[in-house]
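Inspection log for the structure reproduced underneath, given as structure tokens.
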Amino acid sequence: MTDTATTLERLAAEAVATAGASPHGEEGERYTAVNSERNRPLYESRVKVYPKLVHGTFRRLKWLVMAFTLAIYYVTPWLRWDRGPNLPDQAVLLDFPARRFYFFFLEIWPQEFYYVTGLLILAALGLFLVTSVAGRVWCGYACPQTVWTDLFIHVERFFEGDRAKRIRLDKSPWGMGKLARKAGKHLTWVLIALATGGAWVFYFADAPTLAGQFLTFDAPSAAYLFVGLFALTTYLLGGIAREQVCIYMCPWPRIQGAMFDEESLLVGYKEDRGETRGPHKKGTSWEGRGDCIDCGQCVAACPMGIDIRDGMQLECIQCALCIDACDEIMDRIERPRGLIAYDTFRNQERRLAGETPRLNIMRPRTILYSAVLALVVAIMLVALGNRTTLDVSVLADRNPLFVRLSDGSIRNGYQIKIVNKEHSERIFRVSIDGLEGAILTRPALAGEDTATVVVEADKLENARFFVSLPADLAAAIKGGEADFDFVVTDTESGKIATRSTTFRGPGK
Amino acid sequence: MSEKHKDDVTGVETTGHSWDGIRELNNPLPKWWVYTFYVCILWSFAYWVVMPTWPYLTGDGWTYTKGVIGYEQRNVVTNELAAIAEGRSGAMERIATMPLDEIATDPALMEVALGAGKAAFGDNCAPCHGSGAQGSAGFPNLNDDDWIWGGTLDDIHTTLQHGIRWDADDETRLNTMMAYGRDGILDRAEISDVAEYVLLLSNQAHDGEAAIRGAEVFASQCVACHGEAGTGNRELGAPNLTDAIWLYGGDRAAIVETVSNGRSGVMPAWGTRLDEGTIRSLTLFVHSLGGGEKQ
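Sequences listed follow chains A and B, in order.
Take the position in the first sequence, starting the count at 1, then add 5; the result is the number in the working numbering.
Take the position in the second sequence, starting the count at 1, then add 68; the result is the number in the working numbering.
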């Protein structure tokens, strides 16, 4: 296989070419990880990471996830959902001025924000479960920081070439060529950043209308502000800060130490198989040595600038690109794939002890997370199933608690709020139940003296009611308090909402 | 100044000072921090020019540099208040000019009027009538259906406008409940008898014989204002003595005291203190509390 030989020679030559000066390679030590523990003093400027492009299963998976997540992000605001007249037809819309959150079939009013809380709890539990099963899957594949950084690195690669070329370019003096490449890269980054910020604001206003306003420069100033803000953060975090966000800014890496255990699938280097590492001359025996030929490709591919062979590290986002990098090499040197692979700490021990490695997904931790997840899902579904389009609340006057009228009877005042969440006007009849001899009236000027309340579509109506009890009956109330019900009936559908409240009098 | 000194362990230069042999490393501040600091210093110079900053002494006393954009917090408040007034001026002007019963049938206008009325009530009326308009001894409860001077919109408006026994207002609502005992018009026995009769009128426990004697006293002294049946006269501001509501208390002692010493509660005339829109808002608000009467 002369092909393999030349490839390895080329890799070695490349390594030497890039290894010249510290810290991208100490003398005699090729492809030293930028963020390796032993190389870092407490205070140090950031050393740029130059991730090398790899090909393989996980790289393909990452492209797919990137395409999928970016598509969700950019397309969602443009999805339409017909809700009838006078209501926005945007499928997902956070309408702050109207205080509504539209999510396909669901419309969340401010007082129903617990649905969003539920979604966040589900997201958190899902994250815990996934992490306990397969480590930082979120960090490695789906986190916006990872997705956008990956995209930005790809843009960088397009303009400046792969790792070796980029290192050389950065070391070379400024000239027209370098300027053009750098300018092209940054311009593309800015455009992507603007598109990112642009898509963000579409979630908060009607997307086609706002897009039109952007084209004619008529958009509200808040829209420009937020596009600018998110463009700036995208550019800074995705283009400039990159791995530093994960290492220094994100709290999640600190939390997940508690999330996975010895049975979790983590991207790791099989020390038992790889050691003792060292260069291997083609045609010589593999006896008495490990499979790692110390080619450094895993280090070169790492977007976090670490050496996966140092073991589990806080910096590792488990993007699995080192697996692809290593598998490529394993194929070339005709050794089995998977020297770097999704592995568990326990399996490492099992192999060393001569046992068969196996996967143990059903653990107390995962079962507990799944159970809580299922419970929250069930609660959410029940809450969703019981969601009514009629909300009634009754508030008894507290100042004054009751009023004595000239004929000696006692009157209480009540504020009744009726929320109509349907898209059509509804007429409600209000009555009382459970208070013998009581008379229900409405203040003379608030409308007709009837107990009919008309609530417009998607509106809240505030109606004031008086309940009066003749003197003798009021005096007979024990302790001065009697419970009774307000019954609100939808005159069309016959739907009834009953709210319990209290009538108060001077008592005996 | 001491010489440059490098720390052996870290290789970092120290500040050059030594405290009991302890030296402090001279690590640089983060660049972004330093540059932000410099920008802040530059901005402070700009701030002196733009905003009111430095105090200085003139012949007339202390003053300060006003800044080129003329910013002043008092102006901000003034402008905000003006904006609020402008924002609702249309509604308040209509409330100030439209007939009260027409405002009452306009829900949009009513919303403004009731809101303004509630706020004005809290500012001006609550000290006597209570924050819930529930009143207290001597200060009427405005939630109930008993009105001394009338409970229609116009009646309430007049009371608000001109007050009660408010000397400064020529059209103020005025009457006199005489001090029958103090002024020697009735003797103690007569006062006691008439009190029993008032208890009878209001359907309370009373001494029957005394009440019969009291009826004569009532007929000679009280009917002129309170009416033959004791149901009062709103034209004169004479309270209804037959109902369950008493401004100064309805038990025997309270009635005796009222007859003996008279009563003359005072309410200010608000016409000179509040603008017409506010007075009408207050009228509509008080009318809406539950006792408002039709015209």
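Here a beta-carbon is modelled for each residue, glycine too, at the ideal position from N, C-alpha and C.
Same chain, Cβ closer than 6 Å to residue i, neighbours up to 5 away in sequence not counted
| i | result |
| --- | --- |
| A:Thr154 | Gly243, Arg247 |
| A:Val493 | Val397, Phe433, Val435, Ala502 |
| B:Thr220 | Glu361, Gln363 |
| B:Thr299 | Asn308, Thr310 |
| A:Phe63 | Ala325, Ile328, Asp329 |
| A:Glu31 | Legend: pLDDT at A:Glu31 = 39, less than 50; position of this residue unreliable, value from coordinates given subsequently. Correct list, in chain order: Thr37. |
8 Å Cβ shell around residue i - same chain, five flanking residues per side excluded
| i | result |
| --- | --- |
| A:Asp336 | Arg342 |
| A:Tyr79 | Ala200, Ala204 |
| A:Arg469 | Gly418, Tyr419, Gln420, Ile421, Arg447, Pro448, Ala451 |
| A:Thr361 | Arg355 |
| A:Ala388 | Tyr119, Tyr120, Gly123 |
Contact set between residue i and chain A, taken where Cβ atoms lie within less than 8 Å
| i | result |
| --- | --- |
| B:Gly358 | Val408, Arg416, Gly418, Pro448, Phe471 |
| B:Asp235 | None at all; the shortest Cβ gap to chain A is about 30 Å. |
Chain A residues whose Cβ lies nearer than 9 Å to that of residue i
| i | result |
| --- | --- |
| B:Asp311 | Leu410, Ser411, Asp412, Gly413 |
| B:Ser199 | Asn404 |
Residue i burial status per 10 Å Cβ neighbour count (16 or more: buried)
| i | result |
| --- | --- |
| A:Val460 | buried |
| A:Phe157 | buried |
| B:Pro98 | exposed |
| B:Thr351 | buried |
| A:Ile322 | buried |
| B:Lys74 | exposed |
| A:Phe106 | buried |
| A:Pro102 | exposed |
| A:Lys286 | exposed |
| A:Leu440 | buried |
| A:Glu486 | exposed |
| A:Gln95 | buried |
| A:Ser473 | buried |
| B:His85 | exposed |
| B:Phe286 | buried |
| A:Asp477 | exposed |
| B:Pro208 | buried |
| A:Ala263 | exposed |
| B:Cys108 | exposed |
| A:Leu410 | buried |
C-beta neighbour in chain B for residue i, strict 8 Å
| i | result |
| --- | --- |
| A:Asn404 | yes |
| A:Thr507 | no |
Close beta carbons around residue i, own chain, < 7 Å, minus the five adjacent residues each side
| i | result |
| --- | --- |
| A:Tyr374 | Leu130, Phe133, Leu134, Ser137 |
| A:His159 | none |
| B:His355 | Leu221, Ile224 |
| A:Gly41 | First, the residue type needs correcting, since residue 41 of chain A is Ser and not Gly in the sequence shown. Correct list, in chain order: Ile311, Asp312, Asp315. |
| A:Asn1 | Chain A is shown only over 6 to 513; residue 1 of chain A falls outside these bounds and no answer can be derived. |
Minimum Cβ-Cβ distance from residue i to chain A less than 8 Å
| i | result |
| --- | --- |
| B:Gln202 | yes |
| B:Asp128 | no |
| B:Asn364 | This structure cannot settle anything about residue 364 of chain B, because the visible part of chain B is limited to 69 through 363. |
| B:Asn63 | Chain B is shown from 69 up to 363; residue 63 of chain B falls before or after that span and cannot be answered. |
| B:Asp223 | no |
heavy atom of the ligand MN below 7 Å from residue i C-beta
| i | result |
| --- | --- |
| A:Arg392 | Absence of the ligand MN is noted for the structure shown, with no ligands found whatsoever. |
Listed by chain order, chain A residues near residue i by CB distance under 7 Å
| i | result |
| --- | --- |
| B:Asp214 | Ser411 |
Within-8 Å CB hit, residue i to chain D
| i | result |
| --- | --- |
| A:Val39 | Protein chains A and B are contained in the structure displayed, whereas chain D is not. |
**Q.** Sufficient close CB pairs (3 or more, under 8 Å) joining the region 168-181 of chain B to the region 262-274 of chain B
**A.** no
**Q.** Cβ contact check for the region 161-168 of chain A and the region 186-198 of chain A: 3 or more pairs under 8 Å
**A.** yes
(Q) I want to know whether the region 108-126 of chain A touches the region 289-296 of chain A - three or more CB-CB distances under 8 Å. (A) no
Q. Does the count of Cβ pairs from the region 199-211 of chain B and the region 286-295 of chain B closer than 8 Å reach three?
A. no
Q: Spell out a yes or no on whether the region 207-224 of chain B and the region 304-321 of chain B are touching, meaning 3 or more CB-CB pairs, one atom from each, closer than 8 Å.
A: yes
Q: Determine, using beta-carbon pairs with one atom in the region 314-329 of chain A and one in the region 247-261 of chain A, whether at least three such pairs fall under 8 Å.
A: yes
Q. Do the region 201-220 of chain A and the region 229-242 of chain A touch if we need at least three Cβ pairs shorter than 8 Å?
A. yes
Q | Three-pair Cβ contact test at 8 Å for the region 345-353 of chain A versus the region 267-278 of chain A | A | yes
(Q) If contact is defined by three or more beta carbon pairs under 8 Å, each pair taking one atom from either stretch, is the region 180-188 of chain B in contact with the region 154-167 of chain B? (A) yes
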